[in-house]
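Numbering (the working numbering), first residue to last: 7 to 278.
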C-alpha cells in the first residue's frame, strides 16, 4: 500500500490528473472486498485493481468520464451473469466511489521574463499551480522560477505540446509582439478558464485588427483579456503580476473587481 499512496502523491506533484476508484460496498460474491482501490490516470494507465475483467474495464471507463467532468461518481456494478448488462459471473453487486484527484488550477505562463518571474510567485501564493513555458531553456531555471514547473516549448507548437483545458489560466507575456500573437492564435478557440495578453492599448488594438482580418469573430475576441490585469495603476513587473493574478481570481470567482469599501457604502446608501 505504501507504493500505491506514493504513486498518488507523485502524480499530484507532477501535475498529473488521476482518479481514485474505491470499492465501498459489496453484496453477494464479488472478486474484491470493500476497500479495494485502483488509480486511473487520464491516459488510461492504472495501478491496483478493483476486480479485473469487464468490471474493471467499466470502472476505468467511468473514471475517465469523471476526470473529464471534474466531479465524483458513485456507481453500482452488477456481477450477475446471464442478465442484460451483466459484468461478470460472480453473482454479486459492487458499489464503487470514483474521486477525481486533480492538481490545482494552473496558470500557464508563456514567456520567462521579469513579469513571468513575479507572476509565478504571485500565482503560487494564491494557491494556483504554475507552469512556465518558453523556447529558451536557459531562462527556465529553478533559480528563476523556484517551485514552479517549467517546460521548453516552441511558440509555434503550443497546442500539441501542452494540456489546455477549463482548469488552465493562460497568460501570454512573451518577449515579442510576434510571439504573443503567434501563441494567441493557437489558444483563442481552446476551452480555457482564462486567456490574457499583456500589452499596451495600441498593441492590443493592432493585434485585434489583424485577428479580425484573419477571420476571428468578435465572440472569440471577447474571451481575450487584453490589456491584461485589473486597473490598479501597476507599473513595475511585481505590480503588473499582482494585477494579473487579481483579474484571474476575479474572473474565476465572479467578483466585481470593485473596492469592498465602495460596496459597503452602497449597501449603506451612502454616496462616493
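Ideal Cβ positions, reconstructed from N, Cα and C, are used throughout, including at glycine.
The beta strand (DSSP E) enclosing residue i, as first and last residue numbers
i           : result
residue 222 : It is not in any beta strand (DSSP E) - residue 222 carries neither H nor E in the DSSP assignment.
residue 175 : 174–178
residue 158 : 155–158
residue 138 : 135–140
residue 113 : 112–116
residue 201 : 200–203
CB of residue i within 8 Å of CB of residue j, strictly
i           : j           : result
residue 224 : residue 235 : no
residue 102 : residue 27  : yes
residue 106 : residue 135 : no
residue 100 : residue 85  : yes
residue 184 : residue 198 : no
residue 121 : residue 238 : no
residue 194 : residue 222 : yes
residue 69  : residue 104 : yes
residue 30  : residue 56  : no
Burial state of residue i (16 or more Cβ within 10 Å)
i           : result
residue 90  : Residue confidence is low: residue 90 scores 34 on pLDDT, short of 50, so the model does not pin down where it sits. Its coordinate-derived value is still stated next. Flag for residue 90 reads exposed.
residue 192 : buried
residue 259 : exposed
residue 10  : exposed
residue 25  : buried
residue 51  : exposed
residue 94  : Because the pLDDT of residue 94 is 49, which lies under 50, any placement of that residue in the model is unreliable, and the question is left without a value.
residue 273 : exposed
residue 131 : exposed
residue 182 : exposed
residue 242 : exposed
residue 163 : exposed
residue 61  : buried
Delimiting residues of the alpha helix (DSSP H) encompassing residue i
i           : result
residue 186 : 183–193
residue 125 : 120–131
residue 279 : Because the chain here runs from 7 to 278, residue 279 falls outside it and cannot be looked at.
Next item on the list: Could I get the ranges of all uninterrupted beta strand (DSSP E) runs contained in the stretch 15–103, with 3 residues as the minimum, in chain order?
Entry: 24–33, 43–47, 52–54, 79–84
Item checked: Three or more C-beta pairs below 8 Å linking the stretch 202–210 and the stretch 147–164 -> Judged by Cβ distances under 8 Å, the stretch 202–210 makes no contact with the stretch 147–164, as fewer than three pairs qualify.
Next item on the list: Evaluate the contact criterion for the stretch 135–150 versus the stretch 67–84: three or more CB pairs, one atom per stretch, below 8 Å.
Entry: Result no; under three Cβ-Cβ pairs closer than 8 Å.
Notebook entry, point to check: At which residue ranges does the stretch 235–267 contain complete alpha helix (DSSP H) runs of 4 or more residues, listed in the order of the chain?
Noted result: 243–259
Check: Is the stretch 119–132 in contact with the stretch 41–50, if contact means three or more CB pairs nearer than 8 Å?
Finding: No, they do not touch.
Check: Counting pairs of beta carbons, one from the stretch 163–177 and one from the stretch 206–216, are three or more of them closer than 8 Å?
Finding: Contact between the stretch 163–177 and the stretch 206–216 is not established, with fewer than three Cβ pairs separated by less than 8 Å.
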